[in-house]
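Comments concern the structure below.
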DNA sequence: CTGGGTGCAAACCATTTGCATCTAC
DNA sequence: GTAGATGCAAATGGTTTGCACCCAG
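Residue numbers (the UniProt record's numbering), protein chains in the order written: chain A, 1 to 146; chain B, 1 to 146.
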């Protein structure tokens, strides 16, 4: 968080390049959606992405947003988060792994990372005879009033 | 897990007593659902509870199962878990807190507890300026083949 | 030119709800 | 007796899909 906006353009180009290489057509709707994902700092849901896309191209459809999110998810380009209660929210992949703290009053998401917890998870799974394929750690909290 | 079946009956009675005290009517469908929850060792979803209930009383309805689950959840008598992909699954409250490891091949749920992780979560939230209201830690894994 | 991509509307699935009837207290 | 609970069917909300048209390569 609080990162300077220096690389979004090149990042966007990278994504398009990767997609084209994977044999996926770079269409107008996809270009717009990728642009939104590349620039946003939050974790928007499909409807929110659709709304932002509409401001650029009025003709885009919500189904295309959903289809694109599914496509990008399968390609590993984005992560889908099903936080409590609400619809799925998305985040571009590529950064290092992190977990989430969700502000239950605002819906804001704060990313954090704990190597110690990751390590403990591995130990627990191993003891139980399992290999972790992936995991989900979400803290739901309220800003402390001091 | 692997607990001897010594207390289910008294536990069931306890629940009914508590419900009655809370001014909630003990109806036939509710009695059946409480019985199912009190005896099961797994984490069934609403449809599964409905199916089990049907074998006892053919006239029970799925909506009543949903309504009862919501009621029990609000009373704190059960916990609702929204594991990846599937419908909500339920578990009677009352045991001590634990997290879950979900077998991605079978859907089986293994409960575990790590005080160390709980503690680390608290520290993280505090550093970020938050109080944790609740959290969700789910490990999705596959049985290790040795 | 042509197969993948799109918009639209309809379908889906888990869950909730309106309503007339029923029943626990 | 009566307010709360139930069953049924219809509504909801997020997401997916069928289909005819469209456009990127």
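Positions of the beta carbon are idealized from the N, C-alpha and C atoms, including for glycine.
Keep in mind that this is a model prediction, so the values were computed, not measured.
field: At least 3 beta-carbon pairs within less than 8 angstroms: the region 90-110 of chain A vs the region 102-118 of chain B
entry: no
task: Closer than 8 angstroms by beta-carbon distance: list the chain B residues that pair up with residue 140 of chain A, in chain order.
output: Stepping through the first chain from its first residue, residue 140 of chain A is reached at position 140. 132, 133, 134, 135 and 136, listed in chain order.
query: Does the ligand NAP have a heavy atom nearer than 7 angstroms to the CB of residue 137 of chain B?
result: The ligand NAP is absent from the structure shown, which contains no ligand whatsoever.
message: Quick check: the Cα distance between residue 36 of chain A and residue 49 of chain A, rounded to an integer number of angstroms?
response: The residue labelled residue 36 of chain A in the question sits at position 36 within the first chain. The residue labelled residue 49 of chain A in the question sits at position 49 within the first chain. Distance between the alpha carbons of residue 36 of chain A and residue 49 of chain A: 7 angstroms.
- prompt: So, using beta-carbon positions, are residue 83 of chain B and residue 69 of chain B closer together than 8 angstroms?
  reply: Locating residue 83 of chain B in the second chain gives position 83, counting from the first residue. Locating residue 69 of chain B in the second chain gives position 69, counting from the first residue. Cβ distance not < 8 angstroms, so residue 83 of chain B and residue 69 of chain B don't count as in contact.
message: Please report the straight-line C-alpha distance between residue 145 of chain A and residue 47 of chain B, rounded to a whole angstrom.
response: In the first chain, residue 145 of chain A corresponds to position 145, counting from 1. In the second chain, residue 47 of chain B corresponds to position 47, counting from 1. Distance between the alpha carbons of residue 145 of chain A and residue 47 of chain B: 42 angstroms.
- prompt: So, helix, strand or coil for residue 120 of chain A, using DSSP?
  reply: Mapped onto the first chain, residue 120 of chain A falls at position 120. Correct three-state label for residue 120 of chain A: helix.
message: Counting only Cβ pairs nearer than 7 angstroms, list the residues of chain B close to residue 114 of chain A.
response: Taking the first residue of the first chain as position 1, residue 114 of chain A is located at position 114. The contacting residues are 120 and 124.
query: Using the beta-carbon of each residue, which ones in chain A are nearer than 7 angstroms to residue 117 of chain B?
result: If you number the second chain from 1, residue 117 of chain B lands on position 117. 117 and 120, listed in chain order.
Of the listed residues B/92, B/143 and B/52, nearest to residue 15 of chain B (C-alpha basis): Counting from one through the second chain, the residue named residue 15 of chain B turns up at place 15. For the residues B/92, B/143 and B/52, the minimum Cα distance to residue 15 of chain B belongs to B/92.
field: Per-residue burial, residue 127 of chain A [other beta carbons within 10 Å of its own, 16 or more giving buried]
entry: Indexing the first chain from 1 puts residue 127 of chain A at position 127. Per the 10 Å Cβ criterion, exposed.
field: Under 7 angstroms by beta carbon: chain A residues contacting residue 144 of chain B
entry: Working through the second chain from its first residue, we reach residue 144 of chain B at position 144. Within chain A, the residues near residue 144 of chain B are 129, 130 and 131.
query: Taking Cβ to Cβ, would you say residue 32 of chain B is nearer than 8 angstroms to residue 53 of chain B?
result: Within the second chain, numbered from 1, the residue matching residue 32 of chain B stands at position 32. Within the second chain, numbered from 1, the residue matching residue 53 of chain B stands at position 53. Yes.
- request: Going by CA-CA distance only, name the one from B/81, B/109 and B/60 that's closest to residue 27 of chain B.
  value: Sequence index remark: in the second chain, residue 27 of chain B carries index 27 (1-based). Per the Cα distances, B/60.
message: Using only the alpha-carbon positions, how far apart do residue 75 of chain B and residue 38 of chain B sit?
response: Your numbering for residue 75 of chain B matches position 75 in the second chain. Your numbering for residue 38 of chain B matches position 38 in the second chain. Approximately 16 angstroms, taken between the alpha carbons.
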